[in-house]
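FYI, my numbering numbers position 95 of the sequence shown as 98, with every residue one higher than the one before it. Don't be surprised by glycine CBs; every beta carbon is placed ideally from N, CA and C.
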Amino acid sequence: MANTTYNRFHLNFADKTIVGTKASFAKAGKGFGPIYDELTALMARHPDFTVNVKAPTQPAKPRQTYKGMDIPFIRDFLMAVDDAITLKAVNNTIAYAIKEGIPQYPLVKRTFFETYDEFDFVDAKKIVADYRYQQMREKADELAAKRAALVA
Numbered sequence: 004m005a006n007t008t009y010n011r012f013h014l015n016f017a018d019k020t021i022v023g024t025k026a027s028f029a030k031a032g033k034g035f036g037p038i039y040d041e042l043t044a045l046m047a048r049h050p051d052f053t054v055n056v057k058a059p060t061q062p063a064k065p066r067q068t069y070k071g072m073d074i075p076f077i078r079d080f081l082m083a084v085d086d087a088i089t090l091k092a093v094n095n096t097i098a099y100a101i102k103e104g105i106p107q108y109p110l111v112k113r114t115f116f117e118t119y120d121e122f123d124f125v126d127a128k129k130i131v132a133d134y135r136y137q138q139m140r141e142k143a144d145e146l147a148a149k150r151a152a153l154v155a
């Protein structure tokens, strides 16, 4: 069996603290295991040190997420704004991803944002909702016309 070291904690000699993450202290708090052993060894060697929970690092820029933005949403948006060039690029990207057996969405999203770098998701949701409603109305009218033709 390989000798595994965890090094979940580090020493800050300037502040006289043993620093670790909240998860590391929680695992050490179980009272057994290698993480517990590491913490108790550090505490035994440095009895005058205090423990300090390290705050998780926050990214400099919050990550932008687009809940509900999937490939059908992107296609509907492109059809609603009548952007055939980007729609063709998206469809080609999907075909490539399928052929290569790789995930489609990350490539499609990147292709989309190459064209729409100043994308406003709130406006896009309204555009897509209106487009989908219009498509539904057209299909409902077609169905009604077929029913009327069958009755007549």
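Apart from the 5 residues on each side of it in sequence, K128 sits with its Cβ closer than 8 Å to the Cβ of G71 in its chain, given in chain order. Contact between G23 and K57 is confirmed by a C-beta separation of about 6 Å, below the 8 Å threshold. Relative to F116, the option among A151, E145, Q67, Y99 whose CA is nearest is Q67. The Cβ atoms of V111 and F80 lie no closer than 8 Å to each other. Note on geometry: alpha-carbon atoms of N55 and A83 lie some 54 Å from one another. Considering only A63, H13, T118, D51, the residue with the shortest C-alpha distance to L42 is H13. Fully enclosed beta strand (DSSP E) runs of no fewer than 3 residues occupy 53-56 of the segment 44-108, in order along the chain.
Taking 8 Å as the cut-off, the beta carbon of Y108 is found no closer than this to the beta carbon of D144. L45 is positioned such that its CB atom lies no closer than 8 Å to that of I77. By the Cβ-count criterion, T96 is buried, with 16 or more other Cβ atoms from all chains shown falling within 10 Å of its own Cβ.
In its chain, beyond the 5 residues on either side, T114 have a beta carbon closer than 6 Å to the beta carbon of A92.
Burial state of I38 is buried, judged by a 10 Å Cβ sphere holding 16 or more other Cβ atoms. Closest by C-alpha distance to P50, out of A29, T118, K19, is K19. If you check the CB distance, R11 and S27 come in under 8 Å. Under the criterion of beta carbons closer than 8 Å, A100 and P106 qualify as touching, at roughly 7 Å.
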